[in-house]
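Heads up, the thing below is written out as structure tokens.
Number of protein chains: 2
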Amino acid sequence: MKKENTSFILKGNVCYSKSPKEAAFIKDACIVCSDGICGGVYKTLPEKYKTLPLIDHRDALIIPGLTDLHLHAPQYPFRALGMDLELLEWLNTNTFPEEAKYIDLEYAGKAYTMFVEDIKKGATTRACVFATIHAEATKLLMELLDKSGICAYVGKVNMDRNSPEYLCEASAADSAQDTASWIEDTLHGYERIKPIITPRFVPTCSNELLERLGTLAKNYHLPVQSHLSENPGEVAWVKELVPDAAFYGEVYDRYGLFGKEVPAIMAHCVYSDEKETERMLQNGVYIAHCPQSNTNIASGIAPIRRYLDMGMHIGLGTDVVDGYSTSILRAMADTIQVSKLRWRLCDHTLKPVSLEEAFYMGTKGGGSFFGKVGSFEEGYRFDAVVVEDSDLVTPRLLTLRDRLERVVYMSENCKIKAKYVDGVQL
Amino acid sequence: MKKENTSFILKGNVCYSKSPKEAAFIKDACIVCSDGICGGVYKTLPEKYKTLPLIDHRDALIIPGLTDLHLHAPQYPFRALGMDLELLEWLNTNTFPEEAKYIDLEYAGKAYTMFVEDIKKGATTRACVFATIHAEATKLLMELLDKSGICAYVGKVNMDRNSPEYLCEASAADSAQDTASWIEDTLHGYERIKPIITPRFVPTCSNELLERLGTLAKNYHLPVQSHLSENPGEVAWVKELVPDAAFYGEVYDRYGLFGKEVPAIMAHCVYSDEKETERMLQNGVYIAHCPQSNTNIASGIAPIRRYLDMGMHIGLGTDVVDGYSTSILRAMADTIQVSKLRWRLCDHTLKPVSLEEAFYMGTKGGGSFFGKVGSFEEGYRFDAVVVEDSDLVTPRLLTLRDRLERVVYMSENCKIKAKYVDGVQL
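As they're listed, the protein sequences go chains H and W. Here my numbering is used: position 259 in the first sequence is 260, and no number is missing along the way. Here my numbering is used: position 292 in the second sequence is 293, and no number is missing along the way.
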């Protein structure tokens with residue numbers, strides 16, 4: 002990281018979202034970064050900025066930093082392995098045995114270093130990350146992420162029931178106590194990393210545990226992340242476990258973990274019914290849409306068009322490693338693609354997601370969980386990614402929108418030339 | 002291309018298909034290439050081969066060359082552009098205006114060079130390629146592909162109705178005459194490239210044209226490639242155009258273009274009904290499954306499990322550029338992914354496609370259109386791809402099958418170290 006100067010000008014071809022329907026595409030423009038805050042985008046630089054150092058990225062694209070609203074760092078070692086299972090089987094076969102290894106700090110260090118190196122190289126600048134139930138390994142992950150320069154919420158996971166013995170906390174009280182100590186240790190421990198309350202999901206969290214976590218969230222005013230209505234088997238199980246809940250998410254809501262008291266991210270929402278959706282809207286819950294994961298473990302396709310049209314908060318998640326790709330650009334492409342299949346196969350009233358909408362979700366949509374993040378509008382935190390797309394050859398003359406479309410679909414053939422978080426180049 | 006020696010040994014970690022259900026994974030093995038033909042895979046090299054030069058690819062994976070059964074070379078310039086249309090709109094808006102440009106040989110040279118460079122870099126060793134209606138530009142493409150070293154069938158496209166004036170041949174007779182001259186010019190013109198009869202699809206080909214093409218196919222004993230039952234609107238249109246046909250494919254079958262008289266590849270087959278499927282099976286038609294294309298232009302998801310279980314001939318196509326990726330490894334991953342969504346959303350009786358099945362389709366399944374191609378069994382033509390997967394870090398110890406699974410899903414993070422066609426290194 003080069004920390005010296007967080008006031009400067011970036012020059013290049015600038016693309017950013019204003020709203021789900023509107024993106025700005027400005028050729029050969031200057032973006033002002035003033036003490037880590039965006040001072041606007043200019044075709045002609047105002048006089049007052051002319052003394053700032055200017056970094057000219059020439060023909061490259063400059064887009065806002067990307068936000069990954071949902072991923073599991075400890076699952077990185079088995080990405081793209083054992084890809085023939087559904088959620089509940091997947092957890093028992095792939096996930097839980099791997100996560101159990103993080104009691105061993107040496108293993109955790111090795112695996113988390115690989116994960117962080119990958120994230121660092123990519124276009125993600127902010128993330129909401131699940132760790133494991135192990136407080137020490139979670140702290141190690143937070144430390145490594147902090148050093149990488151990206152901003153993140155990281156959660157020590159809670160699970161006190163329906164979990165294998167080797168990955169089950171002794172009691173709700175123990176789990177909450179461990180979590181409280183971990184919060185105390187980490188709340189002010191890092192420059193860019195904050196703790197987040199992380200009940201794995203209703204099946205592995207007793208009511209008592211959820212209640213205790215709700216109290217912690219409220220007392221420390223910490224946000225919450227969890228899973229919601231991902232898979233039909235899971236939804237049916239929750240109905241069995243909490244038969245008097247009106248809907249899956251109501252279980253979280255009872256305990257102050259569903260966006261009303263503190264901000265909350267719910268991953269997936271593939272099977273959220275009308276009541277659940279309505280409550281999410283009322284409470285301002287963030288939906289982390291994870292299209293690759295929903296495909297890989299055959300969960301289904303979330304009705305993102307409906308959520309977008311209702312004006313809900315939506316961002317994108319890679320869900321590493323149910324999604325094997327760590328790229329939010331790929332998640333944008335996947336979002337559009339699965340929305341087309343949903344339109345074709347399930348529901349002609351829900352039109353496919355557009356490029357502008359997918360770009361919004363991966364930048365400003367998810368970014369807003371972190372405040373004014375994910376755009377180059379004035380006053381936004383200066384997170385930027387410089388993308389070199391010169392390997393995507395064509396004899397055509399392309400507009401900037403064309404180029405962004407190609408970057409989204411063929412991001413693996415592009416290079417990330419530079420990445421800035423809060424005006425700091427990583 | 003290094004042509005000197007087509008007898009040698011390749012050493013590395015060898016993966017190849019035996020059948021849709023069974024793949025071989027052999028660590029530190031030697032593959033014998035004897036005059037361009039595979040002489041078997043050995044853990045311990047037989048005495049008689051010990052004098053052959055040995056190329057040790059150490060820890061890399063060696064897989065058979067990949068066959069792309071369906072792609073459109075002239076569409077390469079607009080890959081990943083204008084991705085919000087269905088088939089018939091897509092043709093009119095994106096495809097036809099671009100294809101019209103290939104009347105200009107200078108443009109064709111520029112665009113086809115970019116296309117061929119891309120294919121050359123990738124893992125594809127054999128391909129069945131659509132060009133345009135322009136014979137001269139098609140010859141240029143054949144020449145460029147021949148120089149690249151890959152083996153291909155290339156088709157001058159035929160279309161004499163329902164096409165924009167700027168891309169419509171004057172009459173069935175003219176179209177057939179042009180095609181006959183082009184066949185004469187190209188049948189023995191290249192070392193690795195052969196012509197293939199290529200009616201675009203029923204909507205743009207009159208009965209008279211199809212009849213004439215059937216005669217050409219028979220007289221020259223040339224194979225056929227076309228499109229079939231891709232999109233509901235297209236299927237309905239064919240029903241209107243040829244109301245007495247029992248099914249879409251019957252129109253091709255009437256004129257000897259459906260696998261009975263000469264081999265035929267039909268791309269897509271998303272909506273093939275029972276009668277059509279039955280006829281394809283009887284005739285030995287090859288299905289080119291193009292999952293990314295079927296997603297991008299919202300065609301749907303083909304019932305590949307059904308075709309596999311019936312024992313039909315199936316290979317994979319990238320369908321550049323309805324599919325923007327030129328990678329058959331990516332097509333394998335897409336095949337598995339969309340089959341999961343189909344299982345979840347449409348039909349629980351059709352189980353998702355396995356890794357072994359997708360790998361088969363992209364190697365031996367599609368390869369068999371070219372003869373004994375796509376495996377390392379003895380007697381197969383020696384097409385091989387050496388894949389370096391060392392960037393896919395993990396703290397785990399992986400089996401060879403694990404590694405192949407990761408290569409399939411994360412091929413963009415792997416390197417193609419070497420590629421051989423008929424024992425010649427490209």
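The beta-carbon is built from N, C-alpha and C at its ideal position, and this holds for glycine as well.
Item, Value
"Check whether chain W comes within 8 Å of M84 of chain H, counting only Cβ atoms and requiring the distance to be less than that.", "yes"
"Since V422 of chain H sits in a beta bridge, which residues does DSSP pair it with?", "H:V425"
"Between the region 396-416 of chain H and the region 346-363 of chain H, are three or more C-beta pairs nearer than 8 Å?", "yes"
"Do R59 of chain H and G13 of chain H come within 8 Å of each other at the CB atom, strictly closer than that value?", "yes"
"If distances are taken between C-alpha atoms only, which option among H:A124, H:P78, H:L106 comes closest to K416 of chain H?", "H:A124"
"Using only alpha-carbon positions, find the residue among W:G260, W:V321, W:E262 that is nearest to H290 of chain W.", "W:V321"
"Within this structure, are the beta carbons of N163 of chain H and E170 of chain H separated by less than 8 Å?", "no"
"Which residues in chain H sit within 8 Å of Y421 of chain W, going by Cβ to Cβ distance?", "Ordered by position in chain H, no residue passes the 8 Å Cβ test against Y421 of chain W, which lies about 24 Å from the chain."
"For R331 of chain W, which of helix, strand or coil comes out of DSSP?", "helix"
"State the DSSP-derived secondary structure class of R59 of chain H, mapped to helix, strand or coil.", "strand"
"In three-state DSSP terms, what is K365 of chain H?", "helix"
"If we define contact as Cβ-Cβ less than 8 Å, is C16 of chain W a contact residue for chain H?", "no"
"Can I292 of chain W and V252 of chain W be called in contact, C-beta distance under 8 Å?", "For the record, residue 292 of chain W in the displayed sequence is Pro; it is not Ile. No; because the gap between Cβ atoms is not below 8 Å, this pair is not in contact."
"Would you say M411 of chain H reaches chain W, if we count a Cβ-Cβ gap shorter than 8 Å as a contact?", "yes"
"Against D403 of chain W, what residues of chain A qualify as contacts under a CB-to-CB distance less than 8 Å, listed in chain order?", "Absent from the structure: chain A. Protein chains present are H and W."
"Using a Cβ-Cβ cut-off of less than 7 Å, list which residues of the region 340-371 of chain W approach chain H; keep chain order.", "K341, L342, W344, R345, L346, C347, P353, S355"
"Between P78 of chain W and chain H, is the shortest Cβ-Cβ distance under 8 Å, so that the two count as touching?", "yes"
"What's the C-alpha gap between C31 of chain H and E185 of chain W?", "58 Å"
"State the Cα-Cα distance for the pair M411 of chain H and K122 of chain W, rounded to the nearest angstrom.", "16 Å"
"Between which two residues does the beta strand (DSSP E) holding P98 of chain H run?", "Counting along the chain, P98 of chain H falls outside any beta strand (DSSP E), though it belongs to the alpha helix (DSSP H) covering 97-101."
"Output, in chain order, the set of chain H residues within a Cβ distance shorter than 9 Å of M115 of chain W.", "V394, T395, P396"
"Please list, in chain order, all residues of the same chain as G366 of chain H whose beta carbon is under 6 Å from its beta carbon, the five residues on each side excluded.", "I315, G316"
"According to DSSP, is M411 of chain W helix, strand or coil?", "coil"
"Take every Cβ of the region 220-228 of chain W, pair it with every Cβ of the region 201-209 of chain W, and state whether three or more of those distances are shorter than 8 Å.", "yes"
"Distance check for I302 of chain H and P244 of chain H, CA to CA, integer angstroms please.", "26 Å"
"For C270 of chain W, I'd like the list of residues in its chain whose CB is within less than 7 Å of its CB, leaving aside the five on either flank, ordered along the chain.", "L229, S230, I288, A303"
"Does chain H have any CB closer than 8 Å to the CB of T296 of chain W?", "yes"
"Report, in whole angstroms, the separation of the C-beta atoms of E406 of chain H and A81 of chain W, which I expect to be a contact under 8 Å.", "6 Å"
"Since Y438 of chain H meets chain W, which of its residues come closer than 7 Å, beta carbon to beta carbon?", "Here chain H comprises residues numbered 2 to 427, so residue 438 of chain H is not present and cannot be evaluated."
"Span of the alpha helix (DSSP H) holding T216 of chain W?", "208-221"
"I need the boundaries of the alpha helix (DSSP H) containing G250 of chain H, first residue and last residue.", "249-255"
"From G257 of chain W to L282 of chain W, what distance separates their C-alpha atoms?", "15 Å"
"Could you tell me which chain W residues have their CB closer than 8 Å to the CB of G234 of chain H, listed as they occur along the chain?", "The contacting residues do not exist; G234 of chain H stays about 11 Å from chain W at best."
"Since E406 of chain H meets chain W, which of its residues come closer than 9 Å, beta carbon to beta carbon?", "A81, L82, G83, M84"
"Ignoring anything shorter than 4 residues, give me the alpha helix (DSSP H) runs that lie fully in the region 164-202 of chain W, in order along the chain.", "173-187"
"So that I know if they touch, is there some Cβ in chain H lying closer than 8 Å to that of G66 of chain W?", "no"
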